[in-house]
Amino acid sequence: MKITAVKSHVLAYDLPEELGYSQLYYAKRTAHLVEVETDEGVTGWGECFGPGNIALANKGIVEKVIQPMILGDDPLDRDVIWHKVYNMTRDHGQKGMPIQSLSGVDIALWDIAGKVAGLPVHKLIGGAHRREVRAYGYGMMLKRESLEDHIARFADEAAAIKDMGFTAAKMKVGLGPKNDVKLCQAVRRGVGDDFPFMVDANHCYTTSDAFYVGRALEELEPYWFEEPVAPEDLDGYRELRAGLSINISGGEAEFGRWGWRQLLENRGLDIAQPEVCGLGGITEYLRVLTLCHAHFTPVINHVWGSAVSVAANLQLLAAIPAMPGGLHPWQPYLEFDTTDNKFRDELLKEPLDIQGQVKSTGGMVQVPTGAGLGIEPDRDYIERFTVSE
Ligand SMILES: [Mg+2]
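Residue numbers (the working numbering): 55 to 443.
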């Protein structure tokens, strides 16, 4: 079997309303899908992390840099291909966009491997430790509105996410430490005392500001405090984890086993959040998962993107062993963005219908059991939303 083409599809549409997090506002939803074709008619799908113009630049890397390196290779040799591409781009890559681009290609190769074997990806990895995964809903994005409006809306949205059936709710912060504490208090009020919520700062704080917010959070008992400081600030992470009684999470902006080794050895994370569509694909995710467990750090995948990303993550969430195990072992969550996303809800011929599953099951989502990622994207739909610049 030989690889005959590696194609990128960048999709975009205008969101019904602008959304924001601590770093920027955005008005378009984008997705970057990768399709690997073979001489035997089997096609694999993957996805690269990276929105907007990043996706268009990554398309160039996928098609102009990676494709020529691997045309004619056997798609089942995915570890060989991973190292070939990594080694040939090392002087220009190691982290960031080249690795995001490799991620989408690698995921597509796993989809092909599953289709050839007639098995879902979680079976190729070693089987399902769970056949369904609890889901948490994130929303509560920043908007260009007053603090008072943010506070009222966050309380309402938090309650709405709980009513949708999700098992926890995640909010954004980023209006400044004092205002952010008020937002967190509103979300605690919105979900009530016994419902888990998480706080995502998208690395907007200095260490001292993160301590200010973190100390207030100790009272509110969120399940975790995500990306409080810059991903490069390993000292800040370590000091926060040692100094606060709440879980510190992060890792969505880290790449590959070498970056993750440093992050884990630094002892700054209570919960690791690897992004499979960014860190190097499924091949590298499995090595990062092993590293996390070697450090007894539990893993809850970062999930962002289209239905392809959601399906890939469900395959991986099924394959995470219990760590440390027991009658009632600690369980991961599926991260689910509750804001408008057609590419997650409408891309597939048979949609995953996460919201419907969550509503009818009280927060649980089934792991797809079809071959490969277990999904089939609709080509007409892809064509309709494809953009070239
Ligand atoms: Mg995050």
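For glycine and all other residues, C-beta sits at the position ideal for the given N, C-alpha and C.
Own chain, CB closer than 6 Å to residue i, minus 5 neighbours either side, in chain order
i: residue 64; result: 86, 109, 110, 113, 441
i: residue 234; result: 227, 267
i: residue 341; result: 311
Beta-carbon proximity of residue i to residue j, cut-off 7 Å
i: residue 88; j: residue 120; result: no
i: residue 92; j: residue 55; result: yes
i: residue 282; j: residue 255; result: yes
i: residue 187; j: residue 427; result: no
i: residue 90; j: residue 162; result: yes
i: residue 116; j: residue 155; result: yes
i: residue 271; j: residue 242; result: no
i: residue 223; j: residue 206; result: no
i: residue 335; j: residue 310; result: no
i: residue 394; j: residue 152; result: no
i: residue 354; j: residue 378; result: no
i: residue 337; j: residue 132; result: yes
i: residue 356; j: residue 306; result: yes
i: residue 401; j: residue 422; result: no
i: residue 175; j: residue 316; result: no
i: residue 101; j: residue 331; result: yes
i: residue 264; j: residue 294; result: yes
i: residue 365; j: residue 429; result: yes
i: residue 195; j: residue 74; result: yes
Any non-hydrogen atom of ligand 1 closer than 6 Å to residue i Cβ
i: residue 280; result: yes
i: residue 202; result: no
i: residue 389; result: no
i: residue 306; result: yes
i: residue 247; result: no
i: residue 131; result: no
i: residue 254; result: yes
Own chain partners of residue i with C-beta closer than 7 Å, once the 5 adjacent residues on each side are dropped
i: residue 318; result: 345, 346, 349, 351
i: residue 173; result: 425
i: residue 253; result: 225, 227, 238, 271, 276, 279, 280
i: residue 313; result: 149
i: residue 409; result: 218
i: residue 413; result: 218, 219
Residue i classed as buried or exposed, judged by whether at least 16 other C-beta atoms fall within 10 angstroms
i: residue 125; result: exposed
i: residue 210; result: exposed
i: residue 276; result: buried
i: residue 77; result: exposed
i: residue 189; result: buried
i: residue 388; result: buried
i: residue 438; result: exposed
i: residue 169; result: buried
i: residue 403; result: exposed
i: residue 201; result: exposed
i: residue 118; result: exposed
Close beta carbons around residue i, own chain, < 8 Å, minus the five adjacent residues each side
i: residue 250; result: 190, 221, 222, 223, 276, 277
i: residue 323; result: 291, 295, 302, 303, 304, 305, 317, 351
In chain order, each alpha helix (DSSP H) run of at least 4 residues that lies wholly inside the stretch 362-417:
396-399, 408-415
Pick out the complete beta strand (DSSP E) segments inside the stretch 67-100, 3 residues or longer, and give them in chain order.
79-92
Quick one: complete alpha helix (DSSP H) runs, 4+ long, within the stretch 275-324?
288-297, 310-319
Would you list, in sequence order, the uninterrupted beta strand (DSSP E) runs of no fewer than 3 residues that lie entirely inside the stretch 208-270?
223-226, 251-254
Please list the segments of the alpha helix (DSSP H) lying wholly inside the stretch 100-153, counting only runs of 4 or more residues, in order along the chain.
106-114, 121-124, 132-143
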